[in-house]
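Engineer: Can you read through this structure? Questions will come right after.
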Amino acid sequence: MKNVTMILAILALLLTAVPASADVFPDLELRGDLAPEQAAYLGIEAAPVKVSAIPADFLLVEVFSMYCPICQRDAPAVNELYKELSAADTEGRIRFVGLGAGNTPFEVNFYAKKYEVPFPLFHDQEFEGHKALNNVGTPAYYLVDIASGREIRLFHIGAIEDVSAMVGALLEAAGIKGAE
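This is the structure we're talking about:
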């Protein structure tokens, strides 16, 4: 019985494996309706846009779903994360986007309005991006080093328990000294 329990535990760990630091984020095509200020924030003309075409050193991607109760409950913390990260990243090297796994444009826009999301959100109606990310659970966060070929520098899945600690971890992973 102990062997069966151990085997099941090992299988569970393998099935929930997270990306290693040298993993590469897929060059997803991000689709959605962006306000002019959101396009300007990302340094693009309009969507759709490939991740690699966003002129930033780093891209923080939140994979969410309008139907995810953790995403809904955590939305204020994610908005605070955006605010604190933007304030700490004084050189503006990190850009922040959301990818609505399985969400239609209507659902993404509804989520953005309901939770007053300040950063650009993209829809993934056909789960193409979600599948490219190995059907990751939501919410999930990827810090992507665009300047180094989309290397994943940090991966976090689940609720953000401590926004300030998350900001510190993101800045450290990006090699950015935070605002004092």
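Numbering of the sequence shown is given in the numbering used here, commencing with residue 17 and proceeding in unit increments.
Glycine is no exception: its CB is placed at the ideal position from the N, C-alpha and C atoms.
Kindly indicate which three-state DSSP category E177 falls into: helix, strand or coil?
Structural biologist: Coil.
Engineer: Evaluate V40 with the Cβ neighbour count: other Cβ atoms within 10 Å of its Cβ, from every protein chain shown; 16 or more gives buried, anything less gives exposed.
Structural biologist: Exposed, by the Cβ-count rule.
Engineer: Pull the bridge partners of K66 from the DSSP assignment, please.
Structural biologist: DSSP output for K66 lists E45 as bridge partner(s).
Engineer: Buried or exposed for N151, going by 16 or more other Cβ atoms inside 10 Å?
Structural biologist: Exposed, because fewer than 16 other Cβ atoms sit within 10 Å of the Cβ of N151.
Engineer: So the candidates are A56, Y127, K66; which of them puts its Cα closest to the Cα of P85?
Structural biologist: If we check each option's Cα against that of P85, Y127 comes out closest.
Engineer: Closer than 8 Å is the cut-off here; do at least three beta carbon pairs connect the stretch 42-54 with the stretch 67-77?
Structural biologist: At 8 Å Cβ cutoff, the stretches touch.
Engineer: Within its chain, find whatever has a CB closer than 6 Å to the CB of L206; leave out the 5 residues flanking it on each side and keep chain order.
Structural biologist: No information on residue 206 is available, as it lies outside the stretch 17 to 196 that the chain covers here.
Engineer: In chain order, what residues of the same chain lie with their CB nearer than 6 Å to the CB of S37, ignoring the 5 residues before and after it?
Structural biologist: Confidence at S37 is low in this model, with a pLDDT of 42, below 50, so the placement of that residue is unreliable and no value is reported for it.
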